[in-house]
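Residue numbers (this note's numbering): 762 to 998.
One structure below.
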Amino acid sequence: MDRFIFESYAGLEGQQLLGPILRDFAGKAAVISSFGAESAVLLHMVSQVDKATPVIFLDTGKHFWETLSYRAKLIDQLGLTAVRIITPATADLSTRDPDGTLHKNSADACCRIRKAIPLAKALEGFEVTISGRKRYHGAARATLDFLSIADGRLKVEPLAGFSALDIAAYMKTHDLPHHPLTEIGYFSIGCEPCTQAGGTAADPRAGRWSGSAKTECGIHWTQSGKDIVPPAGSVRH
Ligand code: SF4
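Dropping the structure here:
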């Protein structure tokens, strides 16, 4: 299976990769989107293929209101009809983060109950995941492959080879709206407590978990660069 898949899509990226993937795996592929600074590009590409593609948004309960507003705007403008808003388990919040301050003491634990565990459940039944990560974001993302296999699931990164200029050009060409926080200096946007203004094209994620060693939320890697250990029975991603 792996060899067949890799040969089938060899040399493709961007829309040329996304289109065949969504058609070949219709009903089996899910897009993961933060509706952050550059999310409009991948979401626009998805909308050009199938507006009913499942799009998973992890609503951690800690997002900027601007992100939730932007999410609504993009859904409306792009005509997306299958955005799934995934929230943390009430039991996990009440036992692990009853006062909502876990992020201050253990960001990894907070990301785990608010992102990694809900995502693992949301992805049950899907064979393919698609996200909009780019190599130019550096650190663990610098060596992203367009296609990889993780835990028996195909991971697709159509934008892996896109630069900041490519993103800007695509946004302009398709007249896509910008996340409002990008207008005031936010280059990469996650949860409000863990995101500060800042970042550059050379280091776009500088404002994420600023002042700590953490660089990833854990749905892909922990800050040490290792896969987060999944709960029993869940799917690691
Ligand atoms: S980014 Fe921050 S607030 Fe959001 S889930 Fe992770 S630690 Fe919690």
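In this text, a Cβ means the ideal position worked out from N, Cα and C, and glycines have one as well.
Note that the coordinates shown come from a computational prediction; the quantities given were computed from them, not determined experimentally.
* Asked: Which same chain residues, not among the five before or five after Gly946, have their C-beta less than 6 Å away from its C-beta?
  -> Ala958
* In angstroms with no decimal places, state the Cα-to-Cα distance between Lys823 and Lys876. => 11 Å
* Mapping DSSP to helix, strand and coil, what is Ala843? -> coil
* Own chain, CB closer than 6 Å to Ile846, minus 5 neighbours either side, in chain order -> Phe818 and Asp820
* **Where Lys933 falls, given that 16 or more other Cβ within 10 Å makes a residue buried** => exposed
* Asked: At what residues does the alpha helix (DSSP H) containing Ile878 begin and finish?
  -> Ile878 to Ala883
* Rounded C-beta distance between Phe796 and Arg832? I'm assuming under 8 Å. -> 4 Å
* Within the stretch 780 to 848, ranges of the alpha helix (DSSP H) (whole runs, at least 4 residues) -> 800 to 810 and 826 to 839
* To do: List the whole-angstrom C-beta distance separating Leu915 from Ile793, where the pair is believed to meet the contact cut-off of C-beta under 8 Å.
  => About 13 Å; that fails the 8 Å criterion.
* Spatial neighbours of Glu827 within its chain, please: CB distance less than 6 Å, with the 5 preceding and 5 following residues excluded, ordered by chain position. => Pro941 and Leu942
* Asked: In or out: Ile910 buried (at least 16 other Cβ within 10 Å) or exposed?
  -> exposed
* Option in Pro781, Thr856, Leu839 and Gly899 with minimal Cα separation from Ser949 -> Gly899
* To do: Assuming Ile928 and Glu799 form a contact by the criterion Cβ under 8 Å, report the distance between their Cβ atoms to the nearest whole angstrom.
  => 5 Å
* Could you pull out every residue in the same chain whose Cβ sits closer than 8 Å to the Cβ of Pro938, ignoring the five residues on either side in sequence? => Ala801, Tyr831, Lys834, Leu835 and Gln838
* To do: Using the Cα positions of Val810 and Phe825, report the straight-line distance between them to the nearest angstrom.
  => 29 Å
* Asked: Cα separation between Ile782 and Pro879?
  -> 24 Å
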